[in-house]
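Since the structure comes first, as C-alpha cells, the remarks are kept for the end.
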C-alpha cells in the first residue's frame, strides 16, 4: 500500500522538486558553475568529480528506485497480466494488455464507486477546509486558552484510525448508538446511519471530515500567522469590516497555503480506506464503496484474490492523484512567476 | 512567508509527523514473515491463532511435537484474514511454511494455486476423519489436508426471555414456528433474533444454513427457495424481529447483542460456548430449523492442517511426523477443548461428549454440517459467496427486492 505522509510545508515540497531537478539537466547557471569547480572544495576536477557527484546522488536515487519506482512498476505489471492464484505463485501470468482495465470499467461497481469517490472527496475537502479555516481564524484571536483548545482539536488526528473509526461505528449504530439515542431524545426517529444505502456514504463522510479538520486547522493557522498584522491595522483604520478584512486580506494572502492544504487533503482523501472499511466495509451493497475500498475488496477482501483488477483500480487512483499533483505544480509555478 | 514562521511551520509539521509515526508504529505489529529458518533442524508452523501467546498450551503442544520429532519449531501466528495472502506470497518466494494451518474454505484456493501437497504425497493419515468434514479439503478427487477441529452454527436462545414471552422452545420446529416465536417475543417487549449479515465471508457463512435449509443450492442462487430464504431475513428486519444492525454485525458484535440479555435468539457458533457460560443468564442451544421442519445443514467452520510444497522434498518425512502428532487422538482432544471446537474424528467426539454433555447438540450439528467448498465447488465458492453476501445486504437494506438481488447475484456469478 502506498503511504503518503502529511508534510504541510512548502519547503519540503520544494526540496522534492529540487531532488527531481538534480536528476534532470540542471539549469544553465548551475551547470556553468559545476563545470569549473574551484580547488577550495577539495575535489579535483575531472572524472573523480563526476564519480563523487554520483556517490552523493546514489542514496536518494537508490531509495527512490527501491521504494517508489519498483512498487509502482510491480503494480502496473500486476494490472496488465491475468493473474490467477496459480499463476501468481508460479509467476507465469500471461500478459493481457488492458483487459483488467476493461474488466474494471465494465464492472457494475465501477459507476457507483466513481460517483462515491468523487462525492466523498469533494464533500470532505470542502467541509474540512471550510471548518478548518473558520477554526484557524477563530484561534488566531489569541484569547486565553486558545493554545490549549487548539491542541485539543488535534486529538482526532492523533488517534489511531482503528480507534476513531470503531468509535464512530459504535456511535452511529442503528439500535444501540448514542447518536440515535440523542435524536430520540429530541423526538426524531432513528436513522440507520451505517446500514441503509441512503445514509452510509454520509456517515463515512462525516467521520472523515472530523478526522481531517485538525490537519487543515494546523496548516491554515500557521499560514495565518505569516500575514502581517499591519495590513489588518491599516484595513481597520480604513473602516473595513471583519468580513471584508477576511475576504480581502486573509483569504487572498492565504492562497498558497490553501493550495497545498487542499492538494495534500485531496491526495489523502482519495485514498481513505481504513475509515470506510472499518465502518461499513463499503456496504451495504456497495453504497459506500470508493475506489480505495474496491481495490482492497478485489485484491484482499475475498477468499479468492483478484490481484489484476485490484491493481488496475489502484492505478486509477494513482493516476488521479498524479494529475492533481501536476495541476498543483503548474499553479505553483505560475504563482512564482507572477 | 517569512523565515521564522516557516521554521515554526516546519517544526509543527515535524512534530506532527513524528507523532503520527509513533502512533502508527504502536498500532502495527511485528510483520516478520520469513518462514524458513536457515538451519535444517528447525521447522516452521503458521497458524491463525494469534490469541494464543508464547506460553499457551497450543504453543507448548507445537514445541512438544517438535521435540518428539527431533526438530525445533518456529511458530508464527497470523490473523486469519491475512493468512491466505501471506501463504500465497510465501509460496511465490518459495518460502512456504512446513506446516500451514488455514481456514477450511481457503484450502481449495491454495490447492488450486499449487501451494499444497496432497495426502498421497505427504502421507498424512486421514482415515479416521468424518467424511463430511474432510470434504472441505478435497478437490478434484484429491485431499489436501486434515481438519484440526470443526465448528458450526446453531441457535442460542435465552430461556428467561422466552419464558417471559410465553414461548415453548419445543414448538420451534420450522421457519413458520420460529417467526411466530419471534412475534411473541416482540409483543412481550423484548428483541427477537440477532445474526451477522456483514459484507464479508462471515455474512455468507451465517446465511448458508437458511439457504440450505430452504432447499436452495449454491449453484442456483435465484431459485424460488433461495428467494424464500432471503425473504425470511428481510421480513424479520422489516417487522422488527431482528435489529437493523445485523447488516453491519460481525459474529462477535452479534454475540455481544445477545449477551446483553435482551434477545431471544442468536445465530452463532460453537466457539461462543465458553462466553455463553459467562453471559449470566440461562441459555439453550437449538439446531437451525429447515424451512419445513427438520434441521438445516449448517456450514462447517474450523481449520485444516496442511503441508505446503517445499523445494526440498526431504522435509516431508519430518513434517508428516509433526502433523500426525498434532492430529493424534489425545492432542486433538486438548486442542479442540482450548479452541472450543468439535473434534473431526468420532473417537475424540465421543470423549468430548462424555466429558461435557453440553457439546452433544454441537457434535450432532457438526455431523450434519456441510463444507462450503464441498460438492466440488472448490474455487467457485469464493465468487458465489461474494455475490451471496452482496445480495443479502441489498435485500436487508431495502435497496433491492430479494428476488432482484439474487437474480443480479446469479448473473454476476455466471
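Chains as they are written, first to last, in full-length UniProt numbering: chain P, 1 to 338; chain X, 1 to 414. For every residue, glycine included, the Cβ atom is placed at its ideal position computed from N, Cα and C.
Indicate whether at least one CB of chain P lies closer than 8 Å to the CB of residue i.
i             : result
residue 303/X : no
residue 154/X : no
residue 393/X : yes
residue 157/X : no
residue 227/X : no
residue 86/X  : no
residue 382/X : yes
residue 34/X  : Note that residue 34/X has pLDDT 42, beneath the 50 cutoff, so the model's placement of it is unreliable and the number below is only indicative. Not one chain P Cβ lies under 8 Å of residue 34/X.
residue 139/X : no
residue 105/X : yes
residue 145/X : no
residue 132/X : no
residue 91/X  : yes
residue 151/X : no
residue 248/X : yes
residue 318/X : no
residue 267/X : no
residue 386/X : yes
Establish whether the CB of residue i and some CB of chain X are separated by less than 8 Å.
i             : result
residue 196/P : yes
residue 88/P  : yes
residue 303/P : yes
residue 300/P : yes
residue 174/P : yes
residue 178/P : no
residue 75/P  : no
residue 91/P  : yes
residue 192/P : yes
residue 85/P  : yes
Please name the residue or residues paired with residue i in a DSSP beta bridge.
i             : result
residue 150/X : 342/X
residue 304/X : 102/X and 147/X
residue 266/X : 156/X and 194/X
residue 42/X  : 72/X
residue 77/X  : 47/X
residue 402/X : Looking at the DSSP assignment, residue 402/X forms no beta bridge with any residue, so it has no partner.
residue 81/P  : 95/P
residue 390/X : The partner list for residue 390/X (beta bridge, DSSP) is empty, contrary to what the question assumes.
residue 142/X : 139/X
residue 284/X : 157/X
Cα-Cα, which of the options is closest to residue i?
i             : options                       : result
residue 65/X  : 212/X, 367/X, 178/X and 324/X : 324/X
residue 296/X : 337/X, 373/X, 368/X and 279/X : 368/X
residue 110/X : 84/P, 135/P and 146/P         : 84/P
residue 269/X : 278/X, 282/X, 252/X and 279/X : 252/X
residue 333/X : 154/X, 218/X, 48/X and 61/X   : 61/X
residue 441/X : 129/X, 157/X and 63/X         : This structure cannot settle anything about residue 441/X, because the visible part of chain X is limited to 1 through 414.
residue 191/P : 207/P, 206/P and 172/P        : 172/P
residue 375/X : 160/X, 44/X, 67/X and 132/X   : 132/X
residue 334/P : 256/P, 148/P and 117/P        : 256/P
residue 75/X  : 56/X, 331/X and 91/X          : 56/X
residue 287/P : 155/X, 298/X, 173/X and 248/X : 248/X
residue 101/P : 312/P, 213/P, 243/P and 248/P : 312/P
residue 307/X : 179/X, 95/X and 243/X         : 95/X
residue 166/P : 292/P, 297/P, 210/P and 278/P : 278/P
residue 304/P : 59/P, 86/P and 54/P           : 86/P
residue 273/P : 95/P, 204/P and 119/P         : 204/P
What is the C-beta distance between residue i and residue j, in whole angstroms, given that I count them as a contact (C-beta under 8 Å)?
i             : j             : result
residue 46/X  : residue 52/X  : The pair is not a contact, with the Cβ atoms about 13 Å apart (cut-off 8 Å).
residue 308/P : residue 78/P  : 6 Å
residue 165/X : residue 190/X : 6 Å
residue 220/P : residue 136/P : 4 Å
residue 304/X : residue 193/X : About 31 Å; that fails the 8 Å criterion.
residue 392/X : residue 197/X : 5 Å
residue 372/X : residue 98/X  : Not confirmed; about 27 Å, so no contact.
residue 245/X : residue 175/P : 5 Å
residue 250/P : residue 224/P : 7 Å
residue 213/X : residue 290/X : 4 Å
Quick check: is any heavy atom of the ligand FMN less than 7 Å from the C-beta of residue i?
i             : result
residue 115/X : With respect to the ligand FMN, the structure shown offers nothing to examine, as it has no ligands at all.
Quick check: is the beta carbon of residue i nearer than 8 Å to any beta carbon in chain A?
i             : result
residue 101/X : As a matter of chain content, chain A is missing from the structure shown, whose protein chains are P and X.
Worksheet entry | Residues, ordered as in the chain, of the stretch 176-205 of chain X that lie near chain P by beta-carbon distance below 8 Å | 198, 199, 200 and 201
Discussion item. Tell me which residues of the stretch 275-300 of chain P have at least one Cβ-Cβ distance to chain X shorter than 9 Å, keeping chain order.
Written reply: 279, 280, 281, 282, 283, 284, 285, 286, 287, 297, 299 and 300
Discussion item. What are the residues in the stretch 38-59 of chain X lying within 9 Å of chain P by C-beta distance?
Written reply: none
Fill in: Selection of the stretch 106-119 of chain X by Cβ proximity to chain P, strictly under 7 Å
106, 109, 112, 113, 114 and 115
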